[in-house]
Amino acid sequence: MKRKTEGAPPPLVVLHGDDEFAISEHLQQLRVLPDFNLNISEFDGRKAGIADVRAVCTALPFLSPRRLVVLHNAGGKHAEGEEPAAGKSGLAAALVDYLPQLAPFTTLVLLEPRKLPENSRLLKAARKVAGHVEHYCVVPAKEEELAQWVVQRARAAGGAFSPAAARALAAAIGPEPRRLAGEVHKLLAFVNWERPVQPADVEQTTPAAGQGTIWVLVDALAERDARRAHACLDKLLTHDALQPLFEVFPMIVRQYRLLLQAREVLDSGAPAAELQSALKVHPFVAQKLGVQARRYTLAALEAIYARLAQLDVAMKSGTEPRTGLELLVAELTA
């Protein structure tokens with residue numbers, strides 16, 4: 356965050372990055388300020404032109420000291436397949452010229468759902484506006500960063516998470532800040548803000564907690580740790596209605612399919628950084644897959660995937676699923 360002045364609402368706010376939840380929170384903090392009252396206007400930069408924005412920015416606010424104007428998609432990029440409306444192109448370039456002329460009673464918010472590059476003319480022009488505020492909002496890409504986000508979110512809400520509980524929730528939900536925030540609040544309410552949230556609380560109240568256990572199960576299988584692998588499988592299979600038995604097997608199959616694809620990428624000589632684009636997953640997930648794929652050879656993963664296909668046929672032909680999965684774990688950890 357870059358902030359030039361404190362006190363009155365700033366004349367210009369730039370919100371950019373892929374964290375939609377953080378951006379929406381910053382925007383809501385502005386919307387509720389009494390300075391604007393009902394003088395709030397919003398535009399979509401893919402449809403609005405500079406004339407639309409300028410007309411509202413220069414209109415005197417009604418019964419309040421300031422006017423708030425929010426410009427979504429400030430870069431003016433049009434949605435795929437859409438044609439720019441007549442006279443509506445070149446919005447970003449027009450904004451560069453207009454920003455020095457902002458009315459003293461207006462707060463203009465430029466919102467872009469991606470990182471604006473440092474060489475962006477729009478960003479450079481915005482940073483020249485005295486008193487501007489800039490928030491670069493990015494979803495944490497690493498597991499430890501996401502767990503720290505949980506800890507900080509809980510602290511801001513007046514509660515606490517143990518480090519292990521924060522890691523468990525981060526693994527369960529993944530890089531989805533809006534869902535994570537909801538789970539943090541729910542868990543703090545569950546313990547009534549009387550004690551730190553523990554891993555057992557996450558397991559008990561978070562439906563997706565079993566997803567995190569999948570990572571542990573795969574690690575245990577790779578290390579041939581039979582005791583830990585059976586404990587993880589048992590935890591998945593006893594998740595009552597939250598993790599029905601027939602949801603567990605597809606989770607395991609998906610995990611090994613991704614690991615097989617990751618191993619193929621790594622064996623091709625491609626850098627680990629290319630896993631994200633090759634597998635079309637979030638950096639957070641790509642990092643985990645890279646670590647786990649290195650625990651296996653390609654041949655081992657192909658054999659496991661073939662065994663999963665056999666088990667799928669067997670379960671559909673009458674084999675009791677729990678028995679089939681327990682035998683699979685026993686085979687892979689022998």
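Following the working numbering, the numbering of the sequence shown begins with 356 at its first residue and continues without gaps. Glycine included, each C-beta is placed from N, C-alpha and C at the ideal position.
Linking Q456 to R386 through their CA atoms gives a straight-line distance of about 23 Å. Between L592 and L680, the C-beta spacing is below 9 Å. Comparing alpha-carbon positions, the option among V494, P366, I378 and E558 lying closest to T413 turns out to be P366. Beta-carbon to beta-carbon, F376 and R533 are separated by about 4 Å, close enough to satisfy the 8 Å threshold. Here Y660 is not bridged, per DSSP, to any residue. Distance from F398 to H427 at the Cβ level is roughly 7 Å; contact confirmed, criterion being Cβ atoms closer than 8 Å. Between L613 and S396, the alpha-carbon positions lie close to 45 Å from each other.
In the three-state DSSP reduction, V546 falls in the coil class, being neither helix nor strand.
With three or more CB-CB distances shorter than 8 Å, the segment 492-510 counts as touching the segment 537-548. Residue nearest to R510 within the set E489, A523, P551 and P495 is P551 (criterion: CA-CA distance). Scanning its chain for C-beta atoms nearer than 6 Å, with the 5 sequence neighbours on each side dropped, one finds around A519 the residues P554, in chain order. Beyond the five residues adjoining it in sequence on each side, A515 comes within less than 6 Å, by CB distance, of A509 and P551 in the same chain, given in chain order. By alpha-carbon distance to A577, the top candidate from G372, L370 and V646 is V646.
In terms of Cα proximity to H585, the closest of L615, P459 and T678 is T678. For L666, same chain residues with a beta-carbon under 8 Å away, outside a window of 5 residues either side, are F604, T674, G679, L680 and L683 in chain order. Only residues of its own chain outside the window of five on either side were considered, and among them P638, F639 and Q642 have a CB closer than 8 Å to the CB of K497, listed in chain order.
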